[in-house]
Amino acid sequence: MKPTQKYPFDKELFKGNVKRHLNATYATTVEHASTHAWYLAMARALAELTMLNLLETEQDERIVKAKSLNYLSLEFLIGRLTGNNLISLGLFDSVADAMSELGQNVTDLLEEERDPSLGNGGLGRLAACYMDSCAALEYPTVGYGLHYEYGLFKQSFDHCHQKESPDAWQGIEGYPWEVPRPELKQDIGFYGHVEVTHVDGKEKRHWVPGMIVQAMPWDLPIVGFENDTVYPLRLWEARAIAPFSLESFNNGNYFEAQHALIDADNITKVLYPNDNHEKGKTLRLMQQYFHSAASVRDILRRHLNAGFSLEELPEHETIQLNDTHPTIAIPELMRIFIDEKEMSWEKAWGICSKTFAYTNHTLLPEALETWDEGLIQRLLPRHMEIIYEINRRFLLEVSAKWPGDVSKQQTLSVIQEGFHRMVRMANLCVVGSYAVNGVAAMHSQLVKQHLFPEFNELYPGRLQNVTNGITPRRWLKFCNPGLSDLITEKIGDKWTSHLDQLQAIAKYADDKTFQQRFMAVKKENKERLAAWVKDHMDIDLNTDAIFDVQIKRLHEYKRQHLNMLHILSLYHRLTTDPDFDMQPRVVFFAAKAAPGYHLAKEIIYAINKIAEKINADPRVNDKLKVVFIPDYRVSIAEIIIPAADVSEQISTAGKEASGTGNMKLALNGALTIGTMDGANVEIREEVGDDNIYIFGLDIDGVNELRASGYNPYDFYQADPLLKASLDLLVGEEFTPGEPGKLRTTYDSLLNGGDPYLVLADFASYVEAQTQLDLDYGDQSGWAKKAILNTALMGKFSSDRSIQDYVKQIWKLTPVKR
């Protein structure tokens with residue numbers, strides 16, 4: 004790969020810049036610098052290159068005048084930037100050589116980077132993939148997020164329990180890839196009251212905030228693959244405008260002196276503050292408004308500075324709401340238009356409703372955001388008035404469509420009636436957007452049929468589908484260089500930008516030599532993961548075993564406890580049935596549970612206790628190991644995914660919107676065992692029934708079982724293996740001297756009604772796992788299946804997703820630099 008044409012790489016100049024940063028930025032010398040200091044200096048020197056490109060891209064007249072995407076997301080799980088940017092810049096080998104001449108190994112330096120803690124799971128990782136693809140395809144884009152100080156949390160295990168601690172991802176030196184943009188700061192208000200005046204017989208309403216906070220932007224560079232384009236990921240940090248009262252301090256009131264600073268600082272302290280109490284709810288809504296208001300103001304600033312009128316906003320800007328978290332941007336834009344720009348309601352709504360588009364990510368009713376009307380009224384009084392008016396006018400539309408149908412009004416209303424009236428943010432998104440999309444074909448169909456059927460009837464064509472995708476640059480080329488090199492050797496290197504070209508390696512699926520080389524790469528990746536586990540967890544692993552992987556957020560609907568039950572069934576059979584045999588298997592988990600999600604944390608505890616016993620039990624004779632890797636993050640995924648043989652995608656049918664881990668794992672040659680849910684359906688269509696393990700109830704089966712009155716005890720009593728496996732949780736098998744310590748999970752499945760049908764799918768899951776086990780014994784046959792999974796993943800590139808958005812929704816034109 005070659006450096007970008009505009010800025011040829013000057014090795015001596017680069018080495019000089021690295022040494023300059025060692026001295027001037029980090030106050031150390033070549034002789035005394037730590038590995039971490041070398042990493043920081045190298046990254047700073049590279050960031051100078053990208054920042055020059057960022058500024059030039061930002062000021063490029065063609066980009067300024069083009070229609071732009073503004074991607075609003077409260078999560079951007081971007082992963083470590085240094086290695087990925089080296090690949091996109093075409094500088095990996097050149098910089099490796101330069102750092103070698105300075106006595107440093109670039110691979111060691113890359114390990115010094117802490118993942119930016121700017122997201123939680125799939126939502127944030129998808130946003131990062133989309134930013135990567137927009138830059139690669141050169142569609143003008145600005146990503147807008149929050150500059151969290153600590154992100155979600157750093158996870159550790161204490162006596163098998165999850166423990167959370169602050170994730171100070173920036174370190175004391177700061178993150179070398181980010182740059183402050185103080186000239187773009189915004190003032191954001193909260194609380195206060197609405198003043199009403201009358202001018203020329205017309206009523207005017209004006210919000211007077213009671214608290215003002217400064218939004219300070221930081222830009223991270225999103226580097227286009229092998230082009231000179233760099234787009235900003237703009238992250239807003241909350242700061243107090245008057246952070247310190249010298250008078251209070253001098254009078255001895257030290258806390259009061261910093262009161263404003265503390266209040267403002269909390270807004271961007273952590274990702275998604277725990278909202279199981281009133282203060283947490285308030286802080287989370289403040290976070291959402293702070294993000295939305297700062298972003299909307301910045302979009303309008305850029306638009307007006309480009310010489311366009313407000314009426315032209317939909318022609319030049321589209322604002323994509325990634326889930327409902329930025330919904331408050333809709334009434335915020337209306338407030339600016341009506342109160343500050345003195346537009347009529349009709350004119351303002353005409354512009355606003357043609358500017359926003361919304362991505363729905365969930366079918367779970369409990370995951371559809373609602374906010375207490377009283378909370379919005381207190382925190383954002385003018386916005387609540389605007390929401391009322393949006394809803395009043397919308398319900399007139401509903402009445403015109405379905406005269407006299409009160410149930411339709413109740414279903415579609417933005418305001419949910421009840422003892423505590425709630426604002427339905429998803430409904431507000433659908434009403435205020437020109438396009439709404441689901442994230443997989445099945446999910447989008449369910450959105451139309453079950454989640455928003457009345458909206459689909461009222462606004463035909465508004466609800467669409469864009470199947471998720473992943474960037475092949477990070478999720479194959481960077482994280483799996485052995486496989487990447489093997490593919491490039493066979494079909495050339497254009498696949499990194501045109502993933503459908505991977506189909507060309509399908510013709511090698513029966514080639515014994517290629518199979519051996521493909522599996523040799525897999526073995527190397529398994530050895531790398533095993534070495535990490537040995538170094539960090541002191542567990543020895545057999546790399547000839549099946550590496551069975553479930554990596555995703557810990558949630559009941561994702562059914563990590565179904566996987567756990569299968570482990571218990573294997574353990575039961577290994578220890579009680581002398582005739583039972585199986586391929587050696589290592590089951591990997593990596594997941595964080597939300598701090599307030601008690602059952603999810605209990606499932607983590609149970610898995611860890613089971614792992615503790617199994618891994619030390621000589622009776623299993625190394626046939627079974629269980630590894631729960633703590634603090635799951637992008638850089639850990641980059642080690643796990645290339646090593647996986649099996650991809651666990653086992654959510655209850657109809658619950659997973661899409662998934663993207665399923666795509667990453669399959670792209671790297673893992674075989675999926677999964678339900679007919681989310682993007683598993685489309686993966687099956689691409690790879691064929693012979694190369695995937697589908698089990699369990701489909702959506703119709705789920706609905707029929709629930710309609711007939713599901714009783715988990717029926718399955719428990721009818722299946723001896725299920726009963727024996729589940730009963731292991733009740734005694735003291737895994738908690739010697741402490742019987743019942745794992746009973747919470749047991750009770751959730753039997754006495755709690757098993758809401759996600761774990762027991763109903765258990766037998767089918769075991770059957771699919773048994774077939775998988777048999778197939779792994781035929782290594783040539785397994786290699787063929789793995790190769791075909793990699794070869795047939797072209798559809799799932801985020802480049803294709805972005806092209807779909809562009810054609811169907813955004814209507815952008817690429818600007819080649």
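Numbered per this note's numbering, the sequence shown spans residues 4 to 820.
Beta carbons: idealized from backbone N, C-alpha and C, even for Gly.
These numbers were taken from a predicted model, which means no experiment stands behind them.
Inset, instruction - Give a yes or no on contact between the segment 660 to 677 and the segment 467 to 487, applying the rule of three or more CB pairs nearer than 8 Å. - result: Counting Cβ pairs under 8 Å, three or more are found: they touch.
Legend entry - CA-to-CA distance, residue 492 to residue 553, given in whole angstroms: Between residue 553 and residue 492, the alpha-carbon positions lie close to 31 Å from each other.
Inset, instruction - Closer than 6 Å by C-beta to residue 814: which residues in its own chain qualify, once you throw out the five before and the five after it? Chain order, please. - result: None.
Inset, instruction - With DSSP as the reference, please indicate the residues paired to residue 146 in a beta bridge. - result: Answer is 74, 236.
Legend entry - Counted within 10 angstroms of its Cβ, other Cβ atoms place residue 330 as buried (16 or more) or exposed: Classification of residue 330: buried, given that the 10 Å Cβ count is 16 or more.
Legend entry - Terminal residues of the beta strand (DSSP E) in which residue 160 lies: Its beta strand (DSSP E) spans residues 157 to 161.
Legend entry - DSSP-derived helix/strand/coil call for residue 356: Correct three-state label for residue 356: coil.
Inset, instruction - Quick one: grab the DSSP three-state call for residue 785. - result: Residue 785: helix per DSSP, three-state reduction.
Legend entry - Meets three-Cβ-pair contact criterion under 8 Å: the segment 75 to 94 and the segment 106 to 121: Three or more Cβ pairs drawn from the segment 75 to 94 and the segment 106 to 121 lie within less than 8 Å of each other, which places the two stretches in contact.
Inset, instruction - At 4 residues or longer, and completely inside the segment 769 to 819: list those alpha helix (DSSP H) runs for me, N to C. - result: If we require 4 residues or more, the alpha helix (DSSP H) runs fully inside the segment 769 to 819 come out as 782 to 794, 801 to 808.
Inset, instruction - From the DSSP output, in three-state form, read off residue 324 for me. - result: If DSSP states are grouped into helix, strand and coil, residue 324 belongs with the strands.
Inset, instruction - Below 8 Å on the Cβ atoms is my guess for residue 704 versus residue 680; work out the distance and round it to an integer in Å. - result: Between residue 704 and residue 680 the beta-carbon gap is near 12 Å, outside 8 Å, which marks them as no contact.
Inset, instruction - Using only alpha-carbon positions, find the residue among 737, 315, 578 that is nearest to residue 609. - result: Distances from the alpha-carbon of residue 609 to those of 737, 315, 578 put 737 closest.
Inset, instruction - Flag this pair as yes or no: are the beta carbons of residue 724 and residue 769 separated by less than 8 Å? - result: Contact flag set, yes.
Legend entry - Which of helix, strand or coil DSSP assigns to residue 884: Lying outside 4 to 820, the shown extent of the chain, residue 884 is not represented and no answer is given.
Inset, instruction - Please say whether residue 332 and residue 75 have beta carbons closer to each other than 8 Å? - result: Yes, the pair counts as a contact, with Cβ atoms nearer than the cut-off.
Inset, instruction - In the DSSP assignment, find the unbroken beta strand (DSSP E) run with residue 209 in it and report its ends. - result: Segment 205 to 211, the beta strand (DSSP E) holding residue 209.
Inset, instruction - Can you give me the Cβ contacts of residue 4 inside the same chain, cut-off strictly under 6 Å, excluding the 5 residues immediately before and after it? - result: With a pLDDT of 38 at residue 4, under the threshold of 50, the modelled position of this residue cannot be trusted, and the question is left open.
Legend entry - Cutoff 8 Å; reference residue 22; Cβ partners in own chain excluding five residues on either side: Counting only Cβ-Cβ distances below 8 Å, and skipping sequence neighbours, we find 33, 44, 105.
Legend entry - residue 468 in three-state terms, based on DSSP: In the structure shown, residue 468 sits in a strand (DSSP, three-state: E or B).
Legend entry - Bridge partners - residue 374, DSSP secondary structure assignment: Checking the DSSP bridge columns, you'll see residue 374 partnered with 426.
Inset, instruction - Work out the CA separation of residue 643 and residue 559 for me, nearest whole Å. - result: Each residue's Cα considered, the two are about 22 Å apart.
Legend entry - the segment 790 to 802 touching the segment 682 to 693, judged by at least three CB pairs closer than 8 Å: Yes, they touch.
Inset, instruction - May I have the straight-line CA-CA distance separating residue 307 from residue 144, to the nearest angstrom? - result: Going by C-alpha positions, residue 307 is about 17 Å away from residue 144.
Legend entry - Span of the beta strand (DSSP E) around residue 651: Start and end: 649 to 652.
Legend entry - residue 659 burial status per 10 Å Cβ neighbour count (16 or more: buried): Residue environment: residue 659 is assigned as buried (16 or more neighbouring CB atoms within 10 Å of its CB, all protein chains considered).
Legend entry - Burial state of residue 583, where buried means 16 or more other Cβ atoms lie within 10 Å: Classification of residue 583: exposed, given that the 10 Å Cβ count is below 16.
Legend entry - At least 3 beta-carbon pairs within less than 8 Å: the segment 187 to 195 vs the segment 380 to 387: The segment 380 to 387 and the segment 187 to 195 touch, with three or more beta-carbon pairs separated by less than 8 Å.
Inset, instruction - Using 10 angstroms around the beta-carbon of residue 25, count the other beta-carbons present and answer buried if the total reaches 16, otherwise exposed. - result: Label assigned to residue 25: buried.
Legend entry - Residue nearest to residue 377 in terms of C-alpha spacing, selected from 426, 416, 353: The shortest Cα separation from residue 377 among 426, 416, 353 belongs to 426.
Legend entry - Contact check, residue 149 vs residue 327, beta carbons under 8 Å: Contact flag unset, no.
Legend entry - Coil, strand or helix - residue 438 by DSSP: Residue state, collapsed to three classes: strand.
Inset, instruction - Leaving aside the five residues before and after residue 63 along the sequence, list all residues of the same chain whose C-beta is less than 8 Å from its C-beta, in chain order. - result: The residues are 818, 820.
Inset, instruction - Would you mind stating whether residue 163 and residue 618 have Cβ atoms separated by less than 8 Å? - result: No, the Cβ-Cβ distance between residue 163 and residue 618 is not below 8 Å.
Legend entry - C-alpha gap between residue 1 and residue 243, whole angstroms: Here the chain has residues from 4 to 820 only, and residue 1 is not among them.
Legend entry - DSSP three-state assignment for residue 3, whether helix, strand or coil: Only positions 4 to 820 of the chain appear in this structure, which leaves residue 3 out of reach.
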